[in-house]
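Quick note: the sequence shown, position 78, residue 80 per my numbering, numbers continuous.
Take a look at the structure below.
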Amino acid sequence: MKKFAVIGNPIEHSLSPLLHNWVYERVSLDALYYKVHVSNLELGNYVDKIRNGELNGINVTIPHKTEIMDYVDEINPRAKTIGAINVVMFQNGKIIGNNTDWYGFVLALKNNKIDVKQKEVILLGGGGVSKGIIFALKQQGVAKVHLFNRTFEKISQLCDEIIHPHKMGLLEGIVQKDSIIINCTSVGMNTLDSPINLRLLSKNQTVIDTIYTPLKTKLILDAESTGARTMTGLDMFIYQALSSIDLWFGESTSNRVNFDDLKQYIESSLC
Numbered sequence: 003m004k005k006f007a008v009i010g011n012p013i014e015h016s017l018s019p020l021l022h023n024w025v026y027e028r029v030s031l032d033a034l035y036y037k038v039h040v041s042n043l044e045l046g047n048y049v050d051k052i053r054n055g056e057l058n059g060i061n062v063t064i065p066h067k068t069e070i071m072d073y074v075d076e077i078n079p080r081a082k083t084i085g086a087i088n089v090v091m092f093q094n095g096k097i098i099g100n101n102t103d104w105y106g107f108v109l110a111l112k113n114n115k116i117d118v119k120q121k122e123v124i125l126l127g128g129g130g131v132s133k134g135i136i137f138a139l140k141q142q143g144v145a146k147v148h149l150f151n152r153t154f155e156k157i158s159q160l161c162d163e164i165i166h167p168h169k170m171g172l173l174e175g176i177v178q179k180d181s182i183i184i185n186c187t188s189v190g191m192n193t194l195d196s197p198i199n200l201r202l203l204s205k206n207q208t209v210i211d212t213i214y215t216p217l218k219t220k221l222i223l224d225a226e227s228t229g230a231r232t233m234t235g236l237d238m239f240i241y242q243a244l245s246s247i248d249l250w251f252g253e254s255t256s257n258r259v260n261f262d263d264l265k266q267y268i269e270s271s272l273c
């Protein structure tokens, strides 16, 4: 039996085991997936579990998507460009890091018929998730990304002709009535907090949250109350997971899964 895990800190919120084990059973894969709380100091030891055969692969969630790059032997060129990895596997005698967050986000946008081409986007948060989404937005032809973070120094190195970093306190001066707003922070994860004041939201905006627990965060509920278009983090979560499975088991594996059935199963666990 192959064994896989998702590692993070915190990790209690993760529904990855629920998703992966459902898929494994549906497509008859002899595999098991679980979640493990791993601190920064434990990262190296946990990656070694792949090298010595205890694990066949891992997914990486907050806050390790950048730091774990130091512990793999090789990084996929696209993931290297992104600057974060969320998938690790053992291949040809090496531990390889990859990123499926960006592709999961692209597929989620398409599934929700959200077009960012030649548009300006407001992106909240400068961590590993936001790096994947920045790459995805560029692939989709975004015109400009206003990147906000509490610590300006953390995102200043991401500045280029498309990415414009700002301190979080300047958000009010940038948000427009038709803005596309994407939350990549952990604010709202199983809390009643929102990264944006309700008065900055309006009906002609598109508001996206990468958080999926709860399914509807306060940000999403606030946006819905104004009539804004919304997208939860669930579709991205599912698509990035299916892409991870394809890396581990072969590209056609996810084609054997009915997306709507899987989404309904995950949604039922969040009710």
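Think of the CB as a built atom: it goes at the ideal place given N, C-alpha and C, for glycine as much as any other residue.
It should be emphasised that the depicted structure is a prediction, and the values quoted were computed from it without experimental measurement.
If you draw a straight line from the alpha carbon of Q178 to that of T208, how long is it in whole angstroms? 11 Å
Self-check item: Under the three-state DSSP convention, the category Q142 falls into
Solution: coil
Could you tell me which residues DSSP pairs with G10 in its beta bridges? H39
Note down, one range per segment and in chain order, each beta strand (DSSP E) of at least 3 residues found wholly within the segment 191-215. 208-211
- prompt: Do you know how far the Cα of V62 is from the Cα of S16?
  reply: 11 Å
Item checked: L194 versus T219, G175, D180, G143, residue with shortest Cα-Cα distance -> T219
inquiry  = What ranges does the alpha helix (DSSP H) occupy inside the segment 145-175, keeping only unbroken runs of at least 4 residues that lie completely in it?
reply    = 154-158
N94 burial status per 10 Å Cβ neighbour count (16 or more: buried): exposed
Exercise for the section: Drop a sphere of 10 angstroms on the beta-carbon of S271, count the other beta-carbons inside from all chains shown, and report buried for 16 or more, exposed for fewer. Expected result: exposed
### Task
Specify the secondary structure class of N100 as computed by DSSP and reduced to three states.
strand
Requested in this report: Rounded to whole angstroms, what's the CA-CA distance from G55 to P19? Just pull it up for me.
Outcome: 20 Å
Problem - CB of K133 within 8 Å of CB of I84, strictly - result: yes
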